[in-house]
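So the sequence shown is numbered by the working numbering: it starts at 5 and just counts up by one.
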Amino acid sequence: MRRSKKYSRPVRPLNARAAMGGVKHEIGRDGAEYKVFHIREAAKRYVCPGCGGSIDVGEAHEVAWTEDTVLGSQFGIDSRRHWHTSCWRHRGTR
5 MRRSKKYSRP VRPLNARAAM GGVKHEIGRD GAEYKVFHIR EAAKRYVCPG
55 CGGSIDVGEA HEVAWTEDTV LGSQFGIDSR RHWHTSCWRH RGTR
């Protein structure tokens with residue numbers, strides 16, 4: 005039986021988002037850099053800061069935070085917010 009040559013296989017391109025743990029970086033209208041993570045199912049109920057509506061258990065949504073704060077990066081992480089996906093996409097235009 006012939007052995008496969010692992011170096012003769014084509015190289016898969018790196019998925020940068022997966023390599024960073026699923027976190028993507030976005031620049032907001034205020035110029036701040038936000039880290040955004042997509043949650044498939046909410047584990048508990050949250051209030052969306054975009055519309056004031058509730059994000060119910062099991063609902064997909066975005067979690068966003070910035071580490072560019074005067075009080076340090078840990079404060080930004082601790083003050084992260086849960087947004088409806090559509091509210092996050094349209095923030096600043098409503």
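Glycine included, every Cβ here is placed at the ideal spot set by N, Cα and C. Every value quoted in this text rests on a predicted model; they were computed, and no experiment measured them.
Checklist entry - For residue 85, which of helix, strand or coil comes out of DSSP? => result In the three-state reduction of the DSSP assignment, residue 85 falls in the strand class.
Checklist entry - Would a C-beta distance cut-off of 8 angstroms place residue 64 and residue 89 closer than the cut-off? => result A contact, by the Cβ cut-off of 8 angstroms.
Checklist entry - Using CA coordinates, which residue listed in 93, 87 and 97 is at the minimum distance from residue 53? => result Per the C-alpha coordinates, the member of 93, 87 and 97 positioned closest to residue 53 is 87.
Checklist entry - Tell me the DSSP bridge mates of residue 2? => result Residue 2 lies beyond the stretch modelled for the chain, which goes from 5 to 98, so this question has no answer here.
Item to check | Burial state of residue 59, where buried means 16 or more other Cβ atoms lie within 10 Å | outcome: Per the 10 Å Cβ criterion, buried.
Checklist entry - When the Cα atoms are used, what is the spatial distance from residue 85 to residue 17? => result Approximately 32 angstroms, taken between the alpha carbons.
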